[in-house]
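J.: Structure provided below as structure tokens; questions to follow.
Residue numbers (the numbering used here), protein chains in the order written: chain A, 19 to 386; chain B, 44 to 183.
Here it is as structure tokens:
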């Protein structure tokens, strides 16, 4: 990739949320995008840190936000005209906040038209405070929204937040969430590594992210503080990597599968990673990168090693492990294949994947 | 050894269309695409040797190149248009820039339904691989 886009600043420190006023000293009017769960857990802490600022909180963000819900939120808040949007939450909150940044800058714009080829002039500052250690949305140019029953991946380089604040004291204690978001970051790093737009800059970020997540995710799930700090930073590193390289086939398939069967994003993309590694190994350059990862992780075989890692952390390896019946899965296989083939992430895959290739992987992944 | 074809020339465009038709990668990735694409070179007045034309159209349908046409009538258009300097087209064909990179960094301008174009970015990669397979010589 000949263009690298990073946030202007990244803060990394436990409890730094208390220093938020100093970080945003130049901002006058804040629009906080978050969800009701974050308000329940961290609301007082957030409001306390903003007590001398003018702010409005929008907390009705639901997982996998729909275009419709964003348009509704904008209609309710367009007259507020903030100079800064602060996203505090997981990937869905980040995507919602970025979408609101577009709407505040281009009120008439159809979000479906957002693409990376036409620069956007975003006239609000965008601050991202991720509360999960997975999506990398705090540093990425992408948005994933729901449009009807379809997930659409959009993006624009001007949507990379100006500032990312990494405070793992805000991250959840529930091991299921830590696992799913950690696996998401793991897959981001793998896909960034192998994307056909990868460079040594993104490879360096991706490799270190893979290594750190592999060694620390289980401990983070047990709420070891140091491990959680490292996973939180690794998720952002994976985000920097994929935002400046790409995500690819595992994401195209994970988006499609997740939207069809309503499975959490991280679990979905993680499920397809080993099969995608197998498929992509036919590309020599990618194969060499996988062999290097094997050495870094001390594995004899990458796919077997990932399977063992998944067993240790409780990530499903087969679709059947999720309790989805064979009949139901196969009845939807044409639908999931068609959705996956339409996903723009495929462009970054090192090996061109057609309909038959994708269907084959979907079949293998069931675990017959 | 295969004779090198000049880019751009009618022979090169015809060969490109033929090879796209025969490319399993393009057949896969281009399935579902139904629109012609116009390829345009700008800045050709700065070249020492002037090409016979600055644009050509590929008539693409479902992963097959059905027909091609060199464009001498400037009013001719297509639903999708890709424009770059001659130098950048050379870099894309030679593999020095990835076409997705070229589009993202403005080194190749795109006109048309952006959402659709993005969905078929892997077809663009396949098309470039096919272009790279043609023994090509360039204008100075």
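Where a beta carbon is used, it is the ideal one built from N, C-alpha and C, also for glycine.
#1: What are the partner residues of residue 37/A, as DSSP defines its beta bridges?
#2: So is residue 141/B in contact with chain A if we call contact Cβ pairs under 7 angstroms?
#3: Quick check on residue 134/A - is its C-beta less than 7 angstroms from some C-beta in chain B?
#4: In this structure, does DSSP put residue 143/A in helix, strand or coil?
#5: Could you check whether the Cβ of residue 351/A sits closer than 7 angstroms to any Cβ belonging to chain B?
#6: Quick one: using the 10 Å Cβ neighbour count with 16 as the cut-off for buried, is residue 218/A buried or exposed?
#7: Please look up how many angstroms separate the CB atoms of residue 416/A and residue 116/A, rounded, as I've assumed it's under 8 angstroms.
#8: Is residue 288/A closer than 7 angstroms to residue 338/A when the C-beta atoms are compared?
#9: Are the region 60-78 of chain B and the region 97-113 of chain B touching, with three or more C-beta to C-beta distances below 8 angstroms?
#10: Taking C-alpha atoms, which residue in 150/A, 307/A, 135/A lies nearest to residue 248/A?
#11: Evaluate contact between the region 92-101 of chain A and the region 61-68 of chain A, counting only Cβ atoms and requiring at least three cross-stretch pairs below 8 angstroms.
#12: List the DSSP bridge partners of residue 152/B.
#13: Just verifying my parser: in three-state terms, what is the DSSP assignment at residue 138/B?
#14: For the structure I just gave you, are there three or more beta carbon pairs, one from the region 132-140 of chain A and one from the region 154-162 of chain B, closer than 8 angstroms?
#15: So if DSSP puts residue 102/A in a beta bridge, which residue, or which two residues, is it bridged to?
#16: Run down chain B in chain order and give the residues with a C-beta less than 8 angstroms from the C-beta of residue 367/A.
#17: Tell me the residue span of the beta strand (DSSP E) that contains residue 171/A.
#18: Give a yes or no on contact between the region 185-192 of chain A and the region 222-231 of chain A, applying the rule of three or more CB pairs nearer than 8 angstroms.
#19: What are the residues that DSSP puts in a beta bridge with residue 148/A?
#20: How should residue 117/B be labelled, buried or exposed, when 16 other C-beta atoms within 10 angstroms of its C-beta is the threshold for buried?
#21: Closer than 9 angstroms, Cβ to Cβ, to anything on chain A: give me those residues from the region 68-95 of chain B, in chain order.
#22: Flag residue 174/B as yes if its beta-carbon sits less than 7 angstroms from any beta-carbon of chain A, otherwise no.
#23: If you draw a straight line from the alpha carbon of residue 148/A to that of residue 214/A, how long is it in whole angstroms?
#24: Give the C-beta separation of residue 50/B and residue 179/B to the nearest angstrom, bearing in mind that I take them to be a contact with Cβ-Cβ under 8 angstroms.
#25: CA-CA distance, residue 177/B and residue 122/A?
#26: In this structure, how does DSSP classify residue 164/A when only helix, strand and coil are distinguished?
#27: What separation, rounded to the nearest whole angstrom, lies between the Cα atoms of residue 279/A and residue 273/A?
#28: Which ranges does the alpha helix (DSSP H) cover as unbroken runs of at least 4 residues, wholly within the region 55-94 of chain B, from first to last along the chain?
#29: Within the 7 angstroms Cβ cut-off, does residue 161/B reach chain A?
#30: Can you find at least 3 beta carbon pairs, one from the region 188-208 of chain A and one from the region 37-53 of chain A, that sit closer than 8 angstroms?
#31: Can you find the residues in the same chain that come closer than 7 angstroms, C-beta to C-beta, to residue 332/A, ignoring five residues on each side of it along the sequence?
#32: Given 8 angstroms as the limit, is there contact between the region 136-148 of chain B and the region 341-352 of chain A, that is, 3 or more CB pairs closer than that?
#33: For residue 366/A, which residues in the same chain have their Cβ closer than 7 angstroms to its Cβ, ignoring the five residues on either side in sequence?
#34: Does chain B have any CB closer than 7 angstroms to the CB of residue 23/A?
#35: Tell me whether the beta-carbon of residue 171/A lies closer than 7 angstroms to the beta-carbon of residue 362/A.
#36: Verify the CB distance criterion: does residue 169/B have a CB-CB separation below 7 angstroms to chain A?
T.: Once the coordinates are examined:
#1: In the first chain, counting from the first residue as 1, residue 37/A sits at position 19. Beta-bridge pairing links residue 37/A to no other residue.
#2: As a working note, residue 141/B is residue 98 in the second chain. Yes, contact with chain A.
#3: Residue mapping note: residue 134/A aligns to position 116 of the first chain, counting from 1. Yes, residue 134/A lies at the interface with chain B (some Cβ there is under 7 angstroms from its Cβ).
#4: Here residue 143/A refers to the residue found at position 125 of the first chain. In the structure shown, residue 143/A sits in a strand (DSSP, three-state: E or B).
#5: Position 333 of the first chain, counted from the first residue, corresponds to residue 351/A. It does not; no Cβ of chain B falls within 7 angstroms.
#6: Indexing the first chain from 1 puts residue 218/A at position 200. Flag for residue 218/A reads exposed.
#7: This structure cannot speak to residue 416/A, because chain A is shown only from 19 to 386.
#8: As a first step, residue 338/A is located in the first chain; it is residue number 320 there, counting from the start. As a first step, residue 288/A is located in the first chain; it is residue number 270 there, counting from the start. Cβ atoms of residue 338/A and residue 288/A: not closer than 7 angstroms.
#9: yes
#10: In the first chain, the residue the question calls residue 248/A occupies position 230. Nearest option by C-alpha distance: 150/A.
#11: With the cut-off at 8 angstroms, the region 92-101 of chain A and the region 61-68 of chain A do not touch.
#12: Working through the second chain from its first residue, we reach residue 152/B at position 109. Note: residue 152/B sits in a beta bridge opposite 126/B.
#13: Along the second chain, read from residue 1 onward, the residue named residue 138/B stands at position 95. In the three-state reduction of the DSSP assignment, residue 138/B falls in the coil class.
#14: Contact holds: three or more Cβ-Cβ distances are below 8 angstroms.
#15: By one-based count along the first chain, residue 102/A stands at place 84. For residue 102/A, which the question treats as bridged, DSSP gives the partners 48/A, 143/A.
#16: In the first chain, counting from the first residue as 1, residue 367/A sits at position 349. Under the 8 angstroms cutoff, chain B gives 165.
#17: On the first chain, position 153 is the one that residue 171/A refers to. 168-173 is the span of the beta strand (DSSP E), which, as asked, contains residue 171/A.
#18: Result no; under three Cβ-Cβ pairs closer than 8 angstroms.
#19: Counting from 1 along the first chain, the entry for residue 148/A is found at position 130. 107/A, per the DSSP bridge assignment.
#20: Taking the first residue of the second chain as 1, we reach residue 117/B at position 74. Residue 117/B is classed as exposed because its beta carbon has fewer than 16 other beta carbons within 10 Å across all chains shown.
#21: 68, 69, 70, 71, 72, 74, 75
#22: In the second chain, counting from the first residue as 1, residue 174/B sits at position 131. It does not; no Cβ of chain A falls within 7 angstroms.
#23: Taking the first residue of the first chain as position 1, residue 148/A is located at position 130. Taking the first residue of the first chain as position 1, residue 214/A is located at position 196. Roughly 28 angstroms separates the two Cα atoms.
#24: One-based indexing of the second chain puts residue 50/B at position 7. One-based indexing of the second chain puts residue 179/B at position 136. That belief holds up - the Cβ atoms of residue 50/B and residue 179/B are roughly 5 angstroms apart, short of 8 angstroms.
#25: As a first step, residue 177/B is located in the second chain; it is residue number 134 there, counting from the start. As a first step, residue 122/A is located in the first chain; it is residue number 104 there, counting from the start. Their Cα atoms are separated by approximately 48 angstroms.
#26: Working through the first chain from its first residue, we reach residue 164/A at position 146. Here residue 164/A sits in strand by DSSP.
#27: Numbered from its first residue, the first chain carries residue 279/A at position 261. Numbered from its first residue, the first chain carries residue 273/A at position 255. Distance between the alpha carbons of residue 279/A and residue 273/A is about 10 angstroms.
#28: 67-72
#29: Walking along the second chain from the start, residue 161/B turns up at place 118. Yes, because at least one Cβ of chain A sits closer than 7 angstroms to the Cβ of residue 161/B.
#30: no
#31: Start at 1 with the first residue of the first chain, and residue 332/A comes out as number 314. Result list for residue 332/A: 197, in chain order.
#32: no
#33: Position 348 of the first chain, counted from the first residue, corresponds to residue 366/A. These residues qualify, in order along the chain: 213, 214, 215, 264, 265, 266.
#34: Position 5 of the first chain holds residue 23/A. Chain B, which has no Cβ nearer than 7 angstroms to the Cβ of residue 23/A, makes this no.
#35: Position 153 of the first chain, counting from 1, holds the residue named residue 171/A. Position 344 of the first chain, counting from 1, holds the residue named residue 362/A. Taking 7 angstroms as the Cβ cut-off, residue 171/A and residue 362/A qualify as a contacting pair.
#36: The residue given as residue 169/B occupies position 126 in the second chain. With 7 angstroms as the cut-off, residue 169/B counts as an interface residue toward chain A.
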